[in-house]
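Input: a single structure, listed below in C-alpha coordinates.
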Amino acid sequence: MQAMLQVDPMHRPTISEILGHSWMQGEIPTEEEVRLEFIKRENRVKEFLQGEAARKAQEKAANRNIHQGARRGVASEEEKGHEEVVAPKKTLDKYERVLA
48 MQAMLQVDPM HRPTISEILG HSWMQGEIPT EEEVRLEFIK RENRVKEFLQ
98 GEAARKAQEK AANRNIHQGA RRGVASEEEK GHEEVVAPKK TLDKYERVLA
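In terms of this note's numbering, the sequence shown opens at residue 48 and continues consecutively.
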(Lines of atoms letter the chains of each structure in order from A; the text may use other names.)
(Lines give C-alpha, C1' and ligand atoms only; values in the text may rest on other atoms or scores of the structure.)
Protein backbone atom coordinates (compact mmCIF):
# COMPACT_ATOMS: atom_id res chain seq x y z
CA MET A 48 0.00 0.00 0.00
CA GLN A 49 2.78 2.40 0.94
CA ALA A 50 4.56 1.75 -2.33
CA MET A 51 1.42 2.56 -4.35
CA LEU A 52 1.29 6.02 -2.74
CA GLN A 53 4.82 7.07 -3.73
CA VAL A 54 4.96 10.57 -5.25
CA ASP A 55 7.47 9.58 -7.88
CA PRO A 56 5.72 7.27 -10.40
CA MET A 57 9.01 5.49 -11.08
CA HIS A 58 8.96 4.15 -7.50
CA ARG A 59 5.36 2.90 -7.68
CA PRO A 60 4.67 -0.77 -8.46
CA THR A 61 3.10 -1.68 -11.78
CA ILE A 62 -0.46 -3.03 -11.94
CA SER A 63 0.88 -6.54 -12.62
CA GLU A 64 3.12 -6.28 -9.51
CA ILE A 65 0.13 -5.13 -7.45
CA LEU A 66 -2.12 -7.93 -8.72
CA GLY A 67 0.64 -10.48 -8.13
CA HIS A 68 1.03 -9.50 -4.46
CA SER A 69 -0.04 -12.21 -1.95
CA TRP A 70 -2.59 -9.83 -0.38
CA MET A 71 -4.40 -9.59 -3.72
CA GLN A 72 -4.36 -13.37 -4.14
CA GLY A 73 -6.46 -14.15 -1.05
CA GLU A 74 -10.13 -15.01 -0.82
CA ILE A 75 -12.61 -12.33 -1.79
CA PRO A 76 -15.86 -12.06 0.18
CA THR A 77 -19.13 -12.05 -1.66
CA GLU A 78 -21.20 -8.88 -1.88
CA GLU A 79 -23.67 -10.39 0.60
CA GLU A 80 -20.89 -11.17 3.11
CA VAL A 81 -19.59 -7.60 2.86
CA ARG A 82 -23.10 -6.17 3.30
CA LEU A 83 -23.74 -8.33 6.40
CA GLU A 84 -20.38 -7.35 7.90
CA PHE A 85 -21.17 -3.67 7.46
CA ILE A 86 -24.60 -4.14 9.05
CA LYS A 87 -22.95 -5.83 12.06
CA ARG A 88 -20.44 -3.00 12.38
CA GLU A 89 -23.16 -0.37 12.08
CA ASN A 90 -25.16 -2.06 14.84
CA ARG A 91 -22.11 -2.15 17.14
CA VAL A 92 -21.52 1.56 16.56
CA LYS A 93 -25.20 2.36 17.23
CA GLU A 94 -25.15 0.33 20.47
CA PHE A 95 -22.01 2.11 21.60
CA LEU A 96 -23.47 5.55 20.82
CA GLN A 97 -26.72 4.71 22.64
CA GLY A 98 -24.74 3.58 25.67
CA GLU A 99 -22.70 6.80 25.61
CA ALA A 100 -25.87 8.90 25.32
CA ALA A 101 -27.43 7.05 28.27
CA ARG A 102 -24.27 7.49 30.36
CA LYS A 103 -24.13 11.22 29.59
CA ALA A 104 -27.83 11.61 30.41
CA GLN A 105 -27.26 9.91 33.78
CA GLU A 106 -24.29 12.16 34.53
CA LYS A 107 -26.29 15.23 33.53
CA ALA A 108 -29.21 14.20 35.77
CA ALA A 109 -26.85 13.51 38.67
CA ASN A 110 -25.16 16.88 38.23
CA ARG A 111 -28.55 18.60 37.98
CA ASN A 112 -29.66 16.95 41.24
CA ILE A 113 -26.47 18.02 43.01
CA HIS A 114 -26.81 21.61 41.81
CA GLN A 115 -30.51 21.81 42.66
CA GLY A 116 -29.83 20.44 46.14
CA ALA A 117 -27.04 22.98 46.64
CA ARG A 118 -29.38 25.84 45.71
CA ARG A 119 -31.97 24.64 48.22
CA GLY A 120 -29.36 23.93 50.88
CA VAL A 121 -30.16 20.22 50.78
CA ALA A 122 -27.26 17.79 50.77
CA SER A 123 -27.56 14.68 48.66
CA GLU A 124 -26.75 11.28 50.15
CA GLU A 125 -23.38 11.42 48.40
CA GLU A 126 -22.61 14.90 49.79
CA LYS A 127 -23.67 14.00 53.34
CA GLY A 128 -20.66 11.76 53.75
CA HIS A 129 -18.35 14.64 52.83
CA GLU A 130 -19.66 17.29 55.23
CA GLU A 131 -16.46 17.33 57.25
CA VAL A 132 -14.51 18.28 54.12
CA VAL A 133 -16.90 21.10 53.20
CA ALA A 134 -17.52 22.44 56.73
CA PRO A 135 -15.55 25.62 57.50
CA LYS A 136 -12.77 25.40 60.07
CA LYS A 137 -13.87 28.61 61.83
CA THR A 138 -16.70 31.07 61.74
CA LEU A 139 -16.05 34.36 60.00
CA ASP A 140 -15.88 37.51 62.04
CA LYS A 141 -18.06 40.41 60.99
CA TYR A 142 -15.28 42.25 59.08
CA GLU A 143 -14.20 39.04 57.31
CA ARG A 144 -17.74 38.51 55.96
CA VAL A 145 -17.81 42.06 54.57
CA LEU A 146 -14.40 41.72 52.88
CA ALA A 147 -15.07 38.30 51.41
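The beta carbon of each residue, even a glycine, is placed where N, CA and C say it ideally should be. Values in this document were obtained by computation on a predicted structure and should not be read as measured data.
Looking at the structure shown, is residue i part of a helix, part of a strand, or coil, going by DSSP?
{"i": "histidine 68", "result": "coil"}
{"i": "methionine 51", "result": "helix"}
{"i": "isoleucine 75", "result": "coil"}
{"i": "arginine 88", "result": "helix"}
{"i": "proline 56", "result": "helix"}
Between the C-alpha atoms of residue i and residue j, what's the straight-line distance to the nearest angstrom?
{"i": "valine 92", "j": "alanine 109", "result": "26 angstroms"}
{"i": "asparagine 90", "j": "alanine 104", "result": "21 angstroms"}
{"i": "glutamate 79", "j": "histidine 58", "result": "37 angstroms"}
{"i": "methionine 71", "j": "arginine 82", "result": "20 angstroms"}
{"i": "glutamate 84", "j": "proline 76", "result": "10 angstroms"}
{"i": "arginine 102", "j": "phenylalanine 95", "result": "11 angstroms"}
{"i": "glutamine 49", "j": "arginine 111", "result": "51 angstroms"}
{"i": "lysine 107", "j": "methionine 51", "result": "49 angstroms"}
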